[in-house]
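Let me begin by presenting the structure, written as structure tokens, before commenting on it.
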Amino acid sequence: MPPGYFCGPFGLPFLGNLAQIASSDLTAFLLQTARKYGPVSKFWFGSRPWVLIADAELVRKHANASAVRHPALPSFMHVMTGENREVDQAGLFVTEGEMWRRGRRAFEASIIHPTSLAAHVPAMARCLDRFLPTLERHAASGSAWEARDALAKLILGMVGEIAYGIDFGLSGGGEPTSELGAALADGCRDTFETMMMENATAYLPLQARTGGTGAGD
29 MPPGYFCGPF GLPFLGNLAQ IASSDLTAFL LQTARKYGPV SKFWFGSRPW VLIADAELVR
89 KHANASAVRH PALPSFMHVM TGENREVDQA GLFVTEGEMW RRGRRAFEAS IIHPTSLAAH
149 VPAMARCLDR FLPTLERHAA SGSAWEARDA LAKLILGMVG EIAYGIDFGL SGGGEPTSEL
209 GAALADGCRD TFETMMMENA TAYLPLQART GGTGAGD
């Protein structure tokens with residue numbers, strides 16, 4: 029169905045719903061839209077209508093139906109700019125031809141094949157065993173916890189053990205226990221911060237005017 033078939037929040041000419049998104053948080057905006065307009069709705073990212081699907085079964089059906097189609101990359105890649113756009117275009121989901129085939133083969137060999145995947149389980153279990161005491165401690169305290177940073181370190185710790193057989197000292201969820209782990213955590217944090225909407229988007233002037241924290245927060 030065309031985007032015009034669905035209901036959604038009113039969008040300003042040329043800007044759409046960007047002012048609402050940039051003044052708060054993209055996740056919160058999408059949740060509010062789904063609650064108000066139902067499991068399938070529409071919002072405007074600039075002058076482009078985007079369809080929001082907030083139902084797991086509908087997402088599954090749409091993903092299956094779309095699996096054979098080439099993704100319409102121009103529908104969302106226009107929001108990236110500068111070096112961030114170049115980095116994003118070099119990823120597995122965007123590359124084409126021989127580069128895509130090489131990446132796909134490596135991914136299949138190490139992740140998708142059941143035997144390879146099963147071989148990763150012991151390393152993942154070790155990392156989770158180190159992480160659980162931190163999780164239990166914070167659960168018992170009832171205090172606020174920056175889960176995003178802790179989970180990012182856990183995942184990076186798993187990557188270290190699975191890909192390199194090295195304990196980066198990160199999977200405990202707290203402060204890194206090695207200099208290498210601390211440097212890696214800082215490097216990954218800096219890398220992902222550059223990809224946040226307020227650092228990577230062509231709509232930065234709008235965000236500056238609205239005083240928002242950015243959709244990537």
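The opening residue of the sequence shown carries number 29 in this note's numbering; numbering runs sequentially from there. Glycine residues also receive a C-beta, built at the ideal position from the N, C-alpha and C atoms.
Alpha helix (DSSP H) segment containing residue i, residue limits
i, result
"S69", "Counting along the chain, S69 falls outside any alpha helix (DSSP H), though it belongs to the beta strand (DSSP E) covering 68–73."
"P142", "142–169"
"T55", "54–65"
"A175", "175–187"
For residue j and residue i, the rounded distance between their alpha carbons
i, j, result
"P142", "A191", "16 angstroms"
"V68", "G44", "18 angstroms"
"A217", "D177", "The question names Ala, yet the displayed sequence has Arg at residue 217. Answer to the nearest angstrom: the Cα atoms are 9 angstroms apart."
"A84", "D157", "30 angstroms"
"G193", "F73", "43 angstroms"
"K70", "G131", "34 angstroms"
"E124", "S171", "47 angstroms"
"H166", "L179", "13 angstroms"
"W173", "I49", "25 angstroms"
"P77", "K64", "17 angstroms"
"R88", "L80", "14 angstroms"
"H148", "F38", "48 angstroms"
"L160", "L208", "22 angstroms"
"A153", "I183", "12 angstroms"
"L59", "A175", "20 angstroms"
"L163", "S169", "10 angstroms"
"F135", "G215", "23 angstroms"
"A146", "D53", "38 angstroms"
"A151", "R133", "23 angstroms"
"T61", "S206", "44 angstroms"
"E126", "K181", "32 angstroms"
Residue environment, residue i, which counts as buried when at least 16 other CB atoms sit within 10 Å
i, result
"C155", "buried"
"L86", "exposed"
"L46", "buried"
"A213", "buried"
"T55", "exposed"
"Q235", "Note that Q235 scores 47 on pLDDT, short of 50, meaning its location in the model is unreliable; the coordinates nonetheless yield the value given after this. Buried is the call here."
"E114", "exposed"
Opening and closing residue of the beta strand (DSSP E) in which residue i lies
i, result
"L80", "76–81"
One or two residues paired with residue i in a DSSP bridge
i, result
"G131", "Paired residues: none, contrary to the question."
"G44", "L40, F73"
Beta-carbon contacts of residue i that lie in its chain and below 6 angstroms, excluding the five residues immediately before and after
i, result
"G185", "C155, F196, L198, S199"
"F42", "S75"
Chain-order list of residues whose beta-carbon lies under 7 angstroms from that of residue i (same chain, five-residue window excluded)
i, result
"H90", "I81"
"L40", "A47"
"Y33", "none"
"E189", "A151, R154, C155, D195"
Same chain, Cβ closer than 8 angstroms to residue i, five either side skipped, listed in chain order
i, result
"C35", "Y65, G66, S69, K70"
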